[in-house]
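Asker: So the sequence shown is numbered by my numbering: it starts at 16 and just counts up by one. Note that CB positions come from ideal geometry on N, CA and C, so glycine has one too. None of these values were measured; they are calculated from a predicted model. Pasting a structure here, questions to come.
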Amino acid sequence: MYRAIAANKRNTVFIIAMFVIIVGVLGFVAQTMTGGGWTITIGTVIGAGIYTLIQYFASSGQALAISGAREIQKSDNPRLYRIVENLSITTGTPMPKVYIIQDDAPNAFATGRDPQHAVVAATTGLLDLMDDSELEGVMAHELGHVQNYDIRVSTLVFGLVVAVGFIADILLRLSFFGGNNRNNNNNNPIMMVLGILAVILAPLVAGIVQAAVSRQREYLADATGAMTTRHPDALASALEKLATYGRPVRRQNASMAHMWIADPNKQSKVERLFSTHPPLSERIERLGKIGRSF
């Protein structure tokens, strides 16, 4: 487990490096499109870095705002609050802030920079659907993300995906509406086409990185949650209910899809290739193996 936590910290550096490369490519595309110098590429990378730093501190609040989450105290929902409180004592992690989302779709997520600034949120649909042991399993999964520092990685990915999408959108508009600029690509149509392709592919690459990061972290959080409760069957039962009764959340946003315990979007077969979550059936099967090992 400690090796997994250390690997997550190393992966954070790798993820940042990957996104710097993606942003650098977009900066070079901007330089090529405008006919400017290397200052445009360097400025794009620095600007994205500053934006990501801001997002590092602000993205958890943004995720809560996007989802419509509302902070609660113990008196507001004693059942959920006490489950999180007991799990925090068991794991020895600081008590996170607890939020509830008014949404019939059963789901939950964790966010924050580190265990000292962690947040867990659950939808009303999840609270209505799960019994106490299943809800404990789900929240143990979310606290597993906190223990393993997945929330830090997820927060960075959230900010970087938004940054790549924002830059790509600006460049795509520039490619279509800046075509009359005589310095644009030095009137080279091939460079224009390559630039547009790079702008279109960059968010796709960012999405693939996001998906790869998230899938392994879901497996690890499942295992961590099972070890915390010593009841993997409860989490497996919760995942089975999510597979049966799951539905898209009302307030969807692709940039935070990787934060939820189950994919909040209804996907086509093609979109599942880029899913931020492994299949629920595989997660349930792995939990069954963990249960047999106890």
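Please report the residue range of the alpha helix (DSSP H) in which THR126 lies.
Answerer: Here residue 126 corresponds to residue number 111 of the sequence shown, with the count starting at 1. Note, THR126: premise wrong, no alpha helix (DSSP H); beta strand (DSSP E) at 123-126.
Asker: Are the CB atoms of ARG265 and ASP143 within a distance shorter than 7 Å?
Answerer: The residue labelled residue 143 in the question sits at position 128 within the sequence shown. The residue labelled residue 265 in the question sits at position 250 within the sequence shown. Going by C-beta atoms, ASP143 is not nearer than 7 Å to ARG265.
Asker: Do you know how far the Cα of ALA258 is from the Cα of GLY306?
Answerer: Within the sequence shown, residue 306 is the residue found at index 291, counting from 1. Within the sequence shown, residue 258 is the residue found at index 243, counting from 1. About 20 Å.
Asker: Between which two residues does the alpha helix (DSSP H) carrying ARG298 extend?
Answerer: Walking along the sequence shown from the start, residue 298 turns up at place 283. Looking at the DSSP string, the run of the alpha helix (DSSP H) that includes ARG298 is 295-308.
Asker: Under a three-way DSSP split, which group does VAL285 fall into?
Answerer: Working through the sequence shown from its first residue, we reach residue 285 at position 270. Per-residue confidence for VAL285 stands at a pLDDT of 48, beneath the threshold of 50, marking its modelled position as unreliable; the derived number appears in the next sentence. Coil.
Asker: Expressed to the nearest angstrom, what Euclidean distance is found between the alpha-carbon atoms of GLY140 and HIS292?
Answerer: For this step, residue 140 is matched to residue 125 along the sequence shown. For this step, residue 292 is matched to residue 277 along the sequence shown. Their backbone Cα atoms lie some 20 Å apart in a straight line.
Asker: Hey, MET242 and THR126 are a contact pair by Cβ (cut 8 Å); roughly how many whole angstroms apart?
Answerer: Against the sequence shown, residue 242 aligns to sequence position 227. Against the sequence shown, residue 126 aligns to sequence position 111. So it is not a contact: roughly 22 Å between Cβ atoms.
Asker: Over what stretch of residues does the beta strand (DSSP E) that includes THR138 continue unbroken?
Answerer: Against the sequence shown, residue 138 aligns to sequence position 123. Where THR138 is concerned, the enclosing beta strand (DSSP E) stretches over 134-138.
Asker: Do ILE104 and ALA136 count as a contact pair if the criterion is CB distance below 7 Å?
Answerer: Locating residue 136 in the sequence shown gives position 121, where the first residue counts as 1. Locating residue 104 in the sequence shown gives position 89, where the first residue counts as 1. It is not a contact, given that the beta carbons lie outside the stated cut-off.
Asker: Under the DSSP definition of a beta bridge, which residues are partnered with TYR114?
Answerer: Along the sequence shown, one-based indexing puts residue 114 at 99. According to DSSP, TYR114 bridges with GLU86, ALA136.
Asker: Spell out whether any CB of chain D is found under 7 Å from the CB atom of PRO279.
Answerer: Going by chain labels, chain D is absent from the structure shown, which holds only one protein chain.
Asker: Look at the alpha carbon of VAL35 and the alpha carbon of THR56, and state the distance between them as a whole number of angstroms.
Answerer: As a working mapping, residue 35 is identified with position 20 in the sequence shown. As a working mapping, residue 56 is identified with position 41 in the sequence shown. Rounded to whole angstroms, VAL35 to THR56 spans 11 Å at the Cα level.
Asker: When you compare only the Cα positions, how much space is there between GLN46 and GLY83?
Answerer: As a position in the sequence shown, residue 46 is number 31, starting the count at 1. As a position in the sequence shown, residue 83 is number 68, starting the count at 1. Their backbone Cα atoms lie some 39 Å apart in a straight line.
Asker: From GLU149 to ILE185, what does the alpha carbon distance come to, in whole angstroms?
Answerer: As a working note, residue 149 is residue 134 in the sequence shown. As a working note, residue 185 is residue 170 in the sequence shown. Each residue's Cα considered, the two are about 45 Å apart.
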